[in-house]
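One structure below.
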Amino acid sequence: MTSQELFENIKKKKSFLCVGLDTDINKIPRHLLDTTDPIFAFNKQIIDATHDVTVAYKPNLAFYESLGVNGWNSLEKTVNYIKYNHPDIFIIADAKRGDIGNTSAMYAKAFFDHMEFDSVTVAPYMGEDSVKPFLTHVDKWVILLALTSNKGAFDFQFMEENNEKLYEKVIKTSAQWGTEENLMYVVGATKAEMLADIRKLIPNHFLLVPGVGAQGGSLEEVAKNGMNNKCGLLVNSSRGIIYASDAEDFAAKARENAIAVQQDMEKLLKEHGLI
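In our numbering, the protein residues as written are 14 to 288.
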């Protein structure tokens, strides 16, 4: 999927919403536990309820890996279901991988060739040779961790040398490894005030923005500081949508919350003259 194709879908749906499928077996409605695959049953209903106002889904792999082979099977079924029924939707493997080149090449093969994700989140700490193997895959995206929304971000990401913070160094250096057509960045919504400065470094790249909603980030501030002429944003919401209810109406409640977010996004897209 190209950046233009992603932007066209944003305009069509009047939304830049990414729904995080952080599906926890301990949090899904109890009645689903009687099904043969509770995780997939939950994901399928969430997808059916939200696909028309969503441009991306982001399964967090930890929730699937923790269940062993059964979890991987649920994940594969989820990706295949999206691919078959909603091929216009961008699918992100929230895996945060990153290792020496040969190992990264195997990770890239797993997520891009076998699982057929459109993108994967990657940690930049081990440098260029740990990221490049992901970037060799045609029509696939790396989403590099730049500035995260957790409080531990201040442990390292804001370390400064020669008036340059570490996260700025990561962005400036890594931007040379890929292009605006295969490299995105994670920037937490709780750091929205820094988005304007980040946009000076990477004005045209797409940004994946977690932290809106449950973590306290402001959608309006994210749009104000981070939106570009192709929108350039995928704003993720997980708990606020998928766990809107723990009863049999969970999918309907998820849809209500997703529509509410989409309506706010539509207003912001109009304000910025993008639709």
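Note that CB positions come from ideal geometry on N, CA and C, so glycine has one too.
Let me know the secondary structure DSSP gives V68 once reduced to three states. Against the sequence shown, residue 68 aligns to sequence position 55. It is coil, neither helix nor strand.
Quick one: residues in its chain with C-beta nearer than 7 Å to the C-beta of K243, no 5 flanking neighbours on either side, listed in chain order? By one-based count along the sequence shown, residue 243 stands at place 230. So the qualifying residues of the chain are S16 and F20.
Counting pairs of Cβ atoms below 8 Å between the segment 68-78 and the segment 255-272, do you hit three or more? no
Skipping 5 residues on each side, what residues in its chain have a beta carbon closer than 7 Å to that of D277? Counted from its first residue, the sequence shown places residue 277 at position 264. Excluding residues within five positions, the ones whose Cβ falls inside 7 Å are L232.
Specify the secondary structure class of W190 as computed by DSSP and reduced to three states. By one-based count along the sequence shown, residue 190 stands at place 177. W190 falls in the coil class under three-state DSSP.
Jot down the residue ranges of each uninterrupted alpha helix (DSSP H) in the segment 14-41, minimum 4 residues, whole runs only, in chain order. 16-26
According to the neighbour-count rule (16 or more other Cβ atoms, all chains shown, within 10 Å of its Cβ), is I113 buried or exposed? As a first step, residue 113 must be located in the sequence shown, where it is residue number 100. It counts as exposed.
Give the DSSP-derived three-state secondary structure of V151 in the structure shown. Along the sequence shown, read from residue 1 onward, the residue named residue 151 stands at position 138. Residue state, collapsed to three classes: coil.
Terminal residues of the alpha helix (DSSP H) in which I241 lies: As a first step, residue 241 is located in the sequence shown; it is residue number 228 there, counting from the start. Before going further, note that residue 241 is Asn rather than Ile in the sequence given. Neither: N241 is in no alpha helix (DSSP H) and is coded neither H nor E.
Through-space distance from H44 to Y138, alpha-carbon basis: For the purposes of this step, residue 138 is identified with residue 125 of the sequence shown, where counting begins at 1. For the purposes of this step, residue 44 is identified with residue 31 of the sequence shown, where counting begins at 1. Cα to Cα, the separation comes out at about 42 Å.
Excluding the 5 residues flanking T48 on each side, which residues of the same chain have their C-beta closer than 6 Å to its C-beta? What you label residue 48 is simply residue 35 of the sequence shown in a count that begins at 1. Excluding residues within five positions, the ones whose Cβ falls inside 6 Å are A54.
When E181, F130 and G191 are compared against D210, the one with the closest alpha-carbon: Translated into positions along the sequence shown, residue 210 becomes position 197. With distances taken between Cα atoms, D210 lies closest to E181.
What whole-angstrom Cβ distance do I59 and A267 have, given they're in contact under 8 Å? Here residue 59 refers to the residue found at position 46 of the sequence shown. Here residue 267 refers to the residue found at position 254 of the sequence shown. Contact flag correct, Cβ pair sits at about 5 Å.
Based on DSSP bridge pairs, tell me the residues matched to R212. What you label residue 212 is simply residue 199 of the sequence shown in a count that begins at 1. DSSP lists no partner for R212.
CB-CB under 8 Å to W85, same chain, minus the five flanking residues each way: which ones, in chain order? Here residue 85 corresponds to residue number 72 of the sequence shown, with the count starting at 1. Closer than 8 Å at Cβ, skipping near neighbours: Y77 and E78.
Is the Cβ-Cβ distance between A205 and N238 less than 9 Å? Taking the first residue of the sequence shown as position 1, residue 205 is located at position 192. Taking the first residue of the sequence shown as position 1, residue 238 is located at position 225. Yes, they are a contact pair.
Can you find the residues in the same chain that come closer than 8 Å, C-beta to C-beta, to H99, ignoring five residues on each side of it along the sequence? The residue labelled residue 99 in the question sits at position 86 within the sequence shown. Cβ neighbours of H99 beyond the five flanking positions: I60 and H64.
Top-ranked residue by Cα proximity to V155, from N195, R252 and L221: To locate residue 155, count along the sequence shown from 1; it is residue 142. Of N195, R252 and L221, the residue nearest in Cα terms is N195.
What span of residues does the beta strand (DSSP E) with L220 cover, start to end? As a first step, residue 220 must be located in the sequence shown, where it is residue number 207. Segment L220 to V222, the beta strand (DSSP E) holding L220.
From G81 to T36, what distance separates their C-alpha atoms? Walking along the sequence shown from the start, residue 81 turns up at place 68. Walking along the sequence shown from the start, residue 36 turns up at place 23. Between G81 and T36, the C-alpha separation is close to 14 Å.
Status (buried if at least 16 other CB within 10 Å, exposed otherwise) for P223: For the purposes of this step, residue 223 is taken as residue 210 along the sequence shown, with counting starting at 1. P223 is buried by the Cβ-count criterion.
How many angstroms separate the CA atom of L281 from the CA atom of I272? Reading the sequence shown from its first residue, position 268 is the one you call residue 281. Reading the sequence shown from its first residue, position 259 is the one you call residue 272. Answer to the nearest angstrom: the Cα atoms are 14 Å apart.
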